[in-house]
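Everything below concerns the one structure shown next.
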Amino acid sequence: QVQLVETGGGLVQAGGSLRLSCAASGTIVSRNAMVWYRQPPGNQRDWVATITSNGNTYYRDSVKDRFRISRDNAKNTVYLQMNSLKPEDTAVYYCNTQSGSMTDNWGQGTQVTISS
């Protein structure tokens, strides 16, 4: 069974940076398209970024040029580097495989709170 553990969240001021990590087990991140999603308070979970098995990356428009998704194959871990953070980035952040994101199998997420 695929398990995903997200860490790295916290409380930072607007303009600050955070790096989120997603440690995977039961799957090999380099062989999957891996995704980050986020769920703001009272809202649905929304897609943020994708890294494909080929290393291509994609971002939602609101985070393009501020966030960067990457992976460390040796650690079987996916990262989300978040810069120039804004209050509207406040959310619980989750990672998953592309296929897993269509199921109910999600990790516990990591809370990101941006103060203005």
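Read the sequence shown against this note's numbering and you will find it ends at 160, with the numbers running on by one and no gaps.
Every residue gets a Cβ at the ideal spot worked out from N, C-alpha and C, and that includes glycine.
- Separation of residue 109 and residue 126 (C-alpha to C-alpha, rounded to the nearest whole angstrom) is 10 Å.
- The alpha-carbon of residue 133 is positioned some 30 Å away from that of residue 45.
- The Cβ atoms of residue 65 and residue 121 lie closer than 7 Å to each other.
- Look at residue 46 here: in three-state DSSP terms it is coil, with no helix or strand label.
- Here residue 145 is buried. Its C-beta has 16 or more other C-beta atoms within 10 Å.
- Closest in alpha carbon position to residue 86, among 135, 155 and 156, is 135.
- For residue 52, the secondary structure class from DSSP, reduced to helix, strand or coil, is coil.
- Under DSSP, residue 140 shares a beta bridge with 79.
- DSSP lists 125 as the beta-bridge partner residues of residue 112.
- Annotation: residue 68 to residue 47 spans about 6 Å, alpha carbon to alpha carbon.
- The Cβ atoms of residue 59 and residue 154 lie no closer than 7 Å to each other.
- Closest by C-alpha distance to residue 70, out of 158, 159 and 149, is 149.
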